[in-house]
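Visitor:
Numbering (mature numbering (1 follows the signal peptide of the UniProt record, and there is no 0)), first residue to last: -20 to -1, 1 to 263.
#1: Strictly by DSSP, which residues pair up with residue 59?
#2: On the DSSP bridge assignment, give the partners of residue 252 in chain order.
#3: What first and last residue would you give for the alpha helix (DSSP H) that runs through residue 182?
#4: So, is residue 80 buried or exposed, given that buried needs 16 or more other C-beta atoms within 10 angstroms?
#5: Note down, one range per segment and in chain order, each beta strand (DSSP E) of at least 3 residues found wholly within the stretch 214 to 258.
#6: Of the choices 240, 134 and 247, whose alpha-carbon is the least far from that of residue 264?
#7: Since residue 63 contacts residue 101 with CB under 8 Å, what's their CB separation in whole angstroms?
#8: Can you give me the start and stop residues for the beta strand (DSSP E) that residue 70 sits inside?
#9: Flag this pair as yes or no: are the beta carbons of residue 199 and residue 161 separated by less than 8 Å?
#10: Can you tell me whether DSSP reads residue 166 as helix, strand or coil?
#11: Taking the CB atoms as reference points, tell me whether residue 39 and residue 95 lie closer together than 8 Å.
#12: In angstroms, rounded to a whole number, what distance separates the CA positions of residue 150 and residue 175?
#13: What's the gap between the Cα of residue 45 and the Cα of residue 24?
#14: Would you call the stretch 69 to 87 and the stretch 175 to 187 touching, i.e. three or more CB-CB distances under 8 Å?
#15: From the DSSP output, in three-state form, read off residue 114 for me.
#16: Taking the beta strand (DSSP E) that residue 91 belongs to, which residues open and close that run?
#17: Quick one, which of 131, 148 and 142 has its alpha-carbon nearest residue 122's?
#18: Is residue 136 closer than 8 Å to residue 113 when the C-beta atoms are compared?
#19: Return helix, strand or coil for residue 33, following the three-state DSSP convention.
#20: Just verifying my parser: in three-state terms, what is the DSSP assignment at residue 4?
#21: Determine the DSSP secondary structure at residue 49, reduced to helix, strand or coil.
#22: For residue 161, which three-state DSSP category applies?
#23: Given a threshold of 16 other Cβ atoms within 10 Å of its Cβ, counted over all protein chains shown, does residue 59 qualify as buried or as exposed?
#24: For residue 77, which residues in the same chain have their Cβ closer than 7 Å to its Cβ, ignoring the five residues on either side in sequence?
#25: Please report how far the alpha carbon of residue 252 lies from the alpha carbon of residue 117, in whole angstroms.
#26: Please classify residue 67 as buried or exposed, where buried requires at least 16 other C-beta atoms within 10 Å of its C-beta.
#27: By Cβ distance, which residues of its chain are closer than 8 Å to residue 156, with the 5 residues on each side in sequence left out?
#28: In this structure, does DSSP put residue 20 in helix, strand or coil?
#29: In the DSSP assignment, find the beta strand (DSSP E) that holds residue 40 and state where it starts and stops.
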């Protein structure tokens, strides 16, 4: 049932908040990958539109010029997250942790390397990922590039000479509807919007892609208020606005529900959010 999906979503958000006490201001995990245990975000960037070069080969020097042996040019919305990992963890195990999550989502591996075969760590740190703290010991480095529907991921792990360990993730979103569809099919839910009603064109594309694989699609409105009663009223008002918007845009087969402020971990710092929850048909 969709209520089960909602509570699962709340638990995931709660666990990420518990680990995020030392994160840089304004940062957040991407819902594609869970962070390594005990880590904290030390660098965070979001670029709404990026012309991105994805390395698909080790770093080499040709005619005195350093660069990837092969690369792929992509355009999309880029999120960059750098994590400081607790000392005592190996870069190999950290990469295995992230790679396992991608494998569970049936990601396509585009390229991987480790150690000196990846080339100069200085180039990876400064020219590829733009974060100098990622410059570390070359034999410790691991790199993985992978692709899922609507999103491309680059992961780099390295240990510095000071024994500080870092993991960096670049997430390039090339097709938001395709990415959200894949997330819903894997997790059962996805957050659609924060402090605003969802984009109807995006929602229509998402619903069209989900209808054949789900038995129920529910949009759940979470809302803050001065009291639980006022939050309930505000959520119900937004839910009615959302129903009217669905009707005016001819989007059918979607139920709208509201839970007010009963799931504060979903709201986080936002005044209100809309989450899409789906349920797959019974076998």
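Note that CB positions come from ideal geometry on N, CA and C, so glycine has one too. A quick note: this is a predicted structure, and the numbers were derived from the prediction, not measured.
Guide: Reading it off the structure:
#1: Position 79 of the chain shown, counted from the start, is the residue given in the question as residue 59. Per DSSP, the beta bridge partners of residue 59 are 26 and 151.
#2: Start at 1 with the first residue of the chain shown, and residue 252 comes out as number 272. Answer by DSSP bridge pairing, in chain order: 203.
#3: Translated into positions along the chain shown, residue 182 becomes position 202. Element bounds for residue 182: 180 to 190.
#4: Translated into the one-based positions of the chain shown, residue 80 becomes position 100. Burial call: exposed.
#5: Correct list: 235 to 240.
#6: As displayed, the chain neither begins before -20 nor continues past 263, which places residue 264 out of reach and without an answer.
#7: Looking up residue 63 in the chain shown gives position 83. Looking up residue 101 in the chain shown gives position 121. With 8 Å as the limit, residue 63 and residue 101 do not qualify as a contact, their Cβ atoms being about 17 Å apart.
#8: If you number the chain shown from 1, residue 70 lands on position 90. Note, residue 70: premise wrong, no beta strand (DSSP E); not H, not E.
#9: Position 219 of the chain shown, counted from the start, is the residue given in the question as residue 199. Position 181 of the chain shown, counted from the start, is the residue given in the question as residue 161. Not a contact, by the Cβ cut-off of 8 Å.
#10: Position 186 of the chain shown holds residue 166. In the displayed model, residue 166 falls within a helix according to three-state DSSP.
#11: On the chain shown, residue 39 is found 59 positions in, with the first residue counted as 1. On the chain shown, residue 95 is found 115 positions in, with the first residue counted as 1. It is not a contact, given that the beta carbons lie outside the stated cut-off.
#12: The residue labelled residue 150 in the question sits at position 170 within the chain shown. The residue labelled residue 175 in the question sits at position 195 within the chain shown. One C-alpha to the other measures close to 26 Å.
#13: Within the chain shown, residue 45 is the residue found at index 65, counting from 1. Within the chain shown, residue 24 is the residue found at index 44, counting from 1. One C-alpha to the other measures close to 29 Å.
#14: no
#15: Here residue 114 refers to the residue found at position 134 of the chain shown. In this structure, residue 114 counts as helix in the three-state DSSP scheme.
#16: On the chain shown, position 111 is the one that residue 91 refers to. Its beta strand (DSSP E) spans residues 88 to 94.
#17: Position 142 of the chain shown, counted from the start, is the residue given in the question as residue 122. Checking every option, the nearest Cα to that of residue 122 belongs to 148.
#18: For this step, residue 113 is matched to residue 133 along the chain shown. For this step, residue 136 is matched to residue 156 along the chain shown. In this structure, residue 136 does not lie closer than 8 Å to residue 113 by Cβ.
#19: For this step, residue 33 is matched to residue 53 along the chain shown. Residue state, collapsed to three classes: strand.
#20: Along the chain shown, read from residue 1 onward, the residue named residue 4 stands at position 24. Of the three classes helix, strand and coil, the one that applies to residue 4 here is coil, per DSSP.
#21: Counting from 1 along the chain shown, the entry for residue 49 is found at position 69. Secondary structure at residue 49: coil, using DSSP grouped into helix, strand and coil.
#22: As a position in the chain shown, residue 161 is number 181, starting the count at 1. Reduced to three states, the DSSP call for residue 161 is helix.
#23: Position 79 of the chain shown, counted from the start, is the residue given in the question as residue 59. With 16 or more other Cβ atoms within 10 Å, it is buried.
#24: For the purposes of this step, residue 77 is taken as the residue at position 97 of the chain shown. Answer for residue 77: 16, listed in chain order.
#25: Residue 252 sits at position 272 when you count from the first residue of the chain shown. Residue 117 sits at position 137 when you count from the first residue of the chain shown. For residue 252 and residue 117, the distance between alpha carbons rounds to 45 Å.
#26: Counted from its first residue, the chain shown places residue 67 at position 87. With fewer than 16 Cβ atoms within 10 Å of its Cβ, residue 67 is classed as exposed.
#27: Along the chain shown, one-based indexing puts residue 156 at 176. Here the set comprises 57, 130 and 182.
#28: Residue mapping note: residue 20 aligns to position 40 of the chain shown, counting from 1. In this structure, residue 20 counts as strand in the three-state DSSP scheme.
#29: Here the question's residue 40 lines up with position 60 in the chain shown. Start and end: 39 to 42.
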